[in-house]
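Encoded as structure tokens, the structure appears first; notes follow it.
Residue numbers (the working numbering): 573 to 867.
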């Protein structure tokens, strides 16, 4: 329609994104009472919850009346998040500071949550380690370290929590990235960890389904989100729009609560993942020309 064609691309993107959110809202609201009830009193462990998407997830779970354990490296920030969660209505809110590059901390965090909450209904794995936004210069040790934080700790925590999630008919929620579906320049180590996540938990999804397991797995593919850590790297150097962390967090929670296998947020990330196979040359051109500099 001519009227729609006259609307600017940014407005079109906003409209499309609101349509996606509306669709999820309809899905959520269709069984809202049941869905909200499933979160009221739910025992939830959220990693990477001192800032960004994880922090917003903690606040949303608190508003639903969940029992929450959060973890990250910075204890002071965790304390502040816990205080706000309690003020928002969390039935219980606790924290444990941890280093996910440690061999023992991933297990210790799960054990802490199981002890304090008496079980687990949702394990939401969201943490990431810092990685430079630059062309790769051969730093093997950084790749190895980032794999420990962004991938191996996810696998370790999932295994540690699996029996408890089986007993509670719980959900394993994995926060991944569009960069785990298609590679992009300047983030080779990070992209590698997200591809590993998608591969491992995609395979585990099939294995649990074949065993008729009670545990659901939801893998959440996110585009650029307006967290401080993301925006400080790409602000002014990419044309890709950033979307609100609080909306991303709520969509992740809805995806886990409704036991969906996948989430793509914002809406166009799904189209982009398909385009790399349908139109590879165009996709490569788009990726390489989305940045205004070469570091």
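Virtual Cβ for every residue (Gly too), placed ideally from N, Cα, C.
Per the DSSP calculation, residue i is bridged to which residue(s)?
i	result
residue 615	639
residue 664	639
residue 788	743
residue 669	644
residue 836	793
residue 863	810
Could you give the residue range of the beta strand (DSSP E) that holds residue i?
i	result
residue 747	743-749
residue 696	694-697
Buried or exposed for residue i, going by 16 or more other Cβ atoms inside 10 Å?
i	result
residue 602	Confidence at residue 602 is low in this model, with a pLDDT of 48, below 50, so the placement of that residue should be treated as unreliable; the coordinate-derived value is given next. Exposed: under 16 other Cβ atoms inside 10 Å.
residue 752	buried
residue 651	exposed
residue 728	buried
residue 754	buried
residue 852	exposed
residue 803	exposed
residue 781	exposed
residue 807	exposed
residue 659	exposed
residue 857	exposed
residue 613	exposed
residue 849	exposed
Looking only at C-alpha atoms, which of the options sits nearest to residue i?
i	options	result
residue 790	801, 809, 776	776
residue 845	861, 756, 623, 832	756
residue 683	835, 761, 668	668
residue 749	710, 851, 722, 694	722
residue 879	825, 856, 836	Because the chain is modelled from 573 through 867, residue 879 falls outside the range shown and cannot be assessed.
residue 800	672, 623, 700	623
residue 712	762, 856, 774	762
residue 744	785, 674, 705, 720	785
residue 619	679, 662, 764	679
residue 774	834, 705, 797, 738	834
residue 676	809, 769, 649, 720	720
residue 783	695, 837, 646, 738	738
residue 767	779, 718, 821	718
How would you write the range of the alpha helix (DSSP H) that residue i sits in, first residue to last?
i	result
residue 854	852-860
residue 773	760-782
residue 828	817-829
residue 675	Premise fails: residue 675 is in no alpha helix (DSSP H) and is neither H nor E.
residue 805	800-806
residue 717	712-719
Tell me, to the nearest whole angstrom, how far the beta carbon of residue i is from that of residue j; I am working on the premise that it is less than 8 Å.
i	j	result
residue 640	residue 634	6 Å
residue 725	residue 759	About 19 Å separates the two Cβ atoms, so there is no contact after all.
residue 812	residue 862	6 Å
residue 692	residue 742	6 Å
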